[in-house]
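Enquirer: Add 77 to a position in the sequence shown, counting from 1, and you land on the number used in our numbering.
Every residue gets a Cβ at the ideal spot worked out from N, C-alpha and C, and that includes glycine.
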Amino acid sequence: MGKKYLFTPGPTEVPPSVLAACAEPIIHHRTLEFEQIFAEVNEGLQYVFETSNPVLTFAASGTGAMESAVANLLSAGDEALCVQGGKFGERWTELCNAYGVKATPLDVEWGKAVEPSLIEKQLKDNPALKAVFVTLSETSTGVRSDLEAIGKIVAKTPAALVVDAVSGLGATRCRTDAWHLDVVVAGSQKALMLPPGLAMVSVSDKAWALVEKSTLPKYYFDWKKAKSNLDKKTTPFTPAVSLIVALRESLRLIREETLDAALARQARMAEACRAGLEAIGIELYSQSPVEGVTVGKVPEGIKGGDFVKRLWSDFGIKVAGGQAQLKGKIFRIATMGSLDCLDIPLVISAVEMTLHRMGYPVELGKGVAAAEKVLAQPVQ
Ligand code: PMP
């Protein structure tokens, strides 16, 4: 089979220079050379996180850093609010339950963003809440939360605001400091354009105060240990050296393009993708669409699982299907990381042709034209 294209919301395509960095000869981590690389990586992460807070890096998938947030901020019996309107929001509740934290789930209809005033009400009704767990980009539904508004609300209370930005960071705006986001969790395999295996977490002063009081068990993911080592430009345990070296390169690419330009590019791609799908009659699932992942409803009469499989077998295009109750009902196209504008007409073209082959009435080229109309606008 010919070319293959990764349009999944993680892992995403890794640019050639980042792949080359992964393949560099391994260096030892207790060296000045590694310390310099790690310091550069930390500065680059602060740039993308838009924070002056320290950003801790762990060899783990994103969930590892999410788990570390619960274990480092809270104590058994503490109360926390978990906003859940998708698979990943639910993960916060599951993690709290695993650690004996009393989670109050705030259920949001899937496909919709949480109404910030509901969080305000919960905080008012229950001043014991120590943390509010939210998701910036809910990858299972393509929904973006209004963190600026939520941040303003939580900042007025003693609670810490903890954000899963695993698929959001670098794909959609995440102003950690300006929006009062106390803890922001990211992962390497999304808009940061790396293979899976690294997780990062930024921690504010307000969050560090909670860390001081936390008594939940932790060892590998102990933030205090990670921070005291970070101050010495290193890590407490053997880091994923090759991924750190590669992260330096992917952060260099983001800096070269500039974060603003990268976010604007990804916003254009997402807009073009939405326009392309809508033009061929595909309904969008998310009512607050996030930039990094566009979610379409599988049209009537088409089996979602088969559609996703045929995109792969017929055209080498990998998109994601739906999870949990959305299995077979939606498909998810990533518009993040190193994907570029011309990748969007390509994926829309494959969607059109696959639906056509499956017997769904599509005016071939209509979606591509709609995507092109967005992308043909001059870049501001
Ligand atoms: N949160 C979100 C929003 C995600 O998209 C993902 C990965 N799909 C995760 C958490 C979990 O990350 P990982 O699979 O790297 O543990």
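Would the C-beta of F314 count as close to the ligand PMP, meaning under 7 Å from any of its heavy atoms?
Expert: Along the sequence shown, read from residue 1 onward, the residue named residue 314 stands at position 237. No, the Cβ of F314 stays beyond 7 Å of every heavy atom of the ligand PMP.
Enquirer: Should V243 be counted as a contact of the ligand PMP given a C-beta to heavy atom distance under 7 Å?
Expert: Looking up residue 243 in the sequence shown gives position 166. Yes; taking the cut-off as 7 Å, the Cβ of V243 has a heavy atom of the ligand PMP nearer than that.
Enquirer: Compute every distance between the C-beta of R221 and the non-hydrogen atoms of the ligand PMP, then say whether any falls below 7 Å.
Expert: For the purposes of this step, residue 221 is taken as residue 144 along the sequence shown, with counting starting at 1. Checking every heavy atom of the ligand PMP against the Cβ of R221, none is found closer than 7 Å.
Enquirer: Taking 7 Å as the limit between beta carbons, can you name the residues of its chain near E326, skipping five residues before and five after?
Expert: Taking the sequence shown and counting its residues from 1, the one referred to as residue 326 is at position 249. Once the five neighbours on either side are set aside, the close Cβ partners of E326 are S94, V95 and A98.
Enquirer: Using a C-beta cutoff of 8 Å, does V240 count as contacting chain C?
Expert: No chain C is part of this structure, which consists of one protein chain only.
Enquirer: How about K267 and A248: do their beta carbons lie closer than 8 Å?
Expert: As a working note, residue 267 is residue 190 in the sequence shown. As a working note, residue 248 is residue 171 in the sequence shown. Yes.
Enquirer: So what does DSSP say about K310, is it helix, strand or coil?
Expert: For the purposes of this step, residue 310 is taken as residue 233 along the sequence shown, with counting starting at 1. In the structure shown, K310 sits in coil (DSSP, three-state: anything other than H, G, I, E or B).
Enquirer: Just to confirm, does P273 get its C-beta within under 7 Å of one of the non-hydrogen atoms of the ligand PMP?
Expert: Stepping through the sequence shown from its first residue, residue 273 is reached at position 196. Indeed, a heavy atom of the ligand PMP lies less than 7 Å from the Cβ.
Enquirer: Under 8 Å by Cβ, that's how I've got F408 and G373 pegged, so tell me the actual separation to the nearest angstrom.
Expert: Within the sequence shown, residue 408 is the residue found at index 331, counting from 1. Within the sequence shown, residue 373 is the residue found at index 296, counting from 1. Yes, F408 and G373 are in contact; Cβ-Cβ is about 6 Å, under 8 Å.
Enquirer: Let me know the secondary structure DSSP gives M277 once reduced to three states.
Expert: What you label residue 277 is simply residue 200 of the sequence shown in a count that begins at 1. M277 falls in the strand class under three-state DSSP.
Enquirer: Just checking S145 against the ligand PMP - is the residue's beta carbon closer than 7 Å to any of the ligand's heavy atoms?
Expert: By 1-based counting over the sequence shown, the position of residue 145 is 68. Result no, Cβ not under 7 Å from the ligand PMP.
Enquirer: Mapping the DSSP letters down to three states, classify L269 as helix, strand or coil.
Expert: For the purposes of this step, residue 269 is taken as residue 192 along the sequence shown, with counting starting at 1. L269: coil per DSSP, three-state reduction.
Enquirer: Look at the Cβ atom of R351, then the Cβ atom of L361, and state whether they are nearer than 8 Å.
Expert: Within the sequence shown, the letter at position 274 stands for residue 351. Within the sequence shown, the letter at position 284 stands for residue 361. In this structure, L361 lies closer than 8 Å to R351 by Cβ.
Enquirer: Quick one: complete alpha helix (DSSP H) runs, 4+ long, within the segment 181–233?
Expert: Counting only runs of 4 or more, we get 193–202 and 224–232.
Enquirer: Mapping the DSSP letters down to three states, classify E90 as helix, strand or coil.
Expert: As a working mapping, residue 90 is identified with position 13 in the sequence shown. E90 falls in the coil class under three-state DSSP.
Enquirer: For N119, which of R434, L109, A349 and T311 has the nearest alpha-carbon?
Expert: Walking along the sequence shown from the start, residue 119 turns up at place 42. Considering only alpha carbons, the answer is T311.
Enquirer: What did DSSP end up calling R329 once you bin it into helix, strand or coil?
Expert: For the purposes of this step, residue 329 is taken as the residue at position 252 of the sequence shown. The answer is helix: DSSP assigns R329 an H, G or I state.
Enquirer: From the DSSP output, which residues share a beta bridge with Y82?
Expert: Here residue 82 refers to the residue found at position 5 when the sequence shown is read from its first residue. Paired residue(s): I394.
Enquirer: Taking Cβ to Cβ, would you say P273 is nearer than 8 Å to S363?
Expert: The residue you call residue 273 lines up with position 196 of the sequence shown. The residue you call residue 363 lines up with position 286 of the sequence shown. No, the pair does not count as a contact, with Cβ atoms beyond the cut-off.
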